[in-house]
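Everything in the sequence shown is counted per my numbering, starting at 148 for the first residue and increasing by one.
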Amino acid sequence: MDLSLQIDAACQRVLNLRQQAGENLSGGLSVPSALVDAAFQELHFALEELRTAQEVLQSQTQDLVELHQRVQQERRRYQDLFDLAPDGYLVLDRQGLIQSANQAIAVLLRKPQAALVHKPMVLFIAPDDRPGFYQTLQQFNELAALPQTWQMHLAPHHGSPVMVAVTTTAIETDGVVSWLWQLRDITEQHQMHQ
């Protein structure tokens, strides 16, 4: 039973006692009116406090529901922008594991997006460029100055290596530092330059 309903029921019982206060009960005893009035007053105050607290909680709950809906909307909007970006984007943790990947990088690597998450990034880097990746990862973990942009070859699942320009940014979320990579396919420009 709802607590406010219980208090209402108790108030009703006190009212009934109050009506009987002037009447003699069995044995010739009567209920003192002052005691009944005091009990009724306490229950009334408790009920009002409970109703006020319930209204505040309902308002806070509604605010939280609306905030949650807005956060979910913003998250979907961010995910849509992330997935529709023309460049590949990856978020790596300090061990070099992929935390998230957008659609463009999945196409570039010829792998489903979901198949990239929680995989070591080094698996998708051409063997000749892996030492440079490990060196950059070490710098990142030491929080040293990171190269802002560099070039390397990705090793797609099937197909020839792809030359990409990589731009990195360290990002922090809830005290956890991650590494945002933007990868732009520059294979054609590189071949034309050569």
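Don't be surprised by glycine CBs; every beta carbon is placed ideally from N, CA and C.
Tell me residue i's beta-bridge partners as DSSP assigns them.
i           : result
residue 300 : 310
residue 273 : DSSP lists no partner for residue 273.
residue 315 : 328
residue 203 : Beta-bridge pairing links residue 203 to no other residue.
residue 413 : The question about residue 413 has no answer, for the chain in this structure spans 148 to 341.
With 16 other CB atoms within 10 Å as the buried threshold, where does residue i fall?
i           : result
residue 280 : buried
residue 208 : exposed
residue 192 : exposed
residue 155 : exposed
residue 311 : buried
residue 318 : exposed
residue 248 : buried
residue 171 : Reliability of the predicted coordinates at residue 171 is poor, the pLDDT of 48 falling under 50, and the value obtained from them is presented with this limitation in mind. Residue 171 is exposed by the Cβ-count criterion.
residue 161 : buried
Could you pull out every residue in the same chain whose Cβ sits closer than 6 Å to the Cβ of residue i, ignoring the five residues on either side in sequence?
i           : result
residue 327 : 238, 316 and 318
residue 333 : 310 and 312
In chain order, what residues of the same chain have a beta carbon less than 8 Å from the beta carbon of residue i, not counting five sequence neighbours either side?
i           : result
residue 263 : 237, 245, 248, 252, 253, 256 and 271
residue 277 : 269
residue 267 : 242, 243, 244 and 245
Leaving aside the five residues before and after residue i along the sequence, list all residues of the same chain whose C-beta is less than 7 Å from its C-beta, in chain order.
i           : result
residue 258 : 304
residue 331 : 234, 311 and 312
What residue from the options has the CA that sits closest to residue i's CA?
i           : options               : result
residue 329 : 297, 320, 205 and 187 : 297
**Asked** At what residue ranges does the stretch 211-284 contain a whole run of the beta strand (DSSP E), taking only runs of 3 or more?
**Response** 235-239 and 245-248
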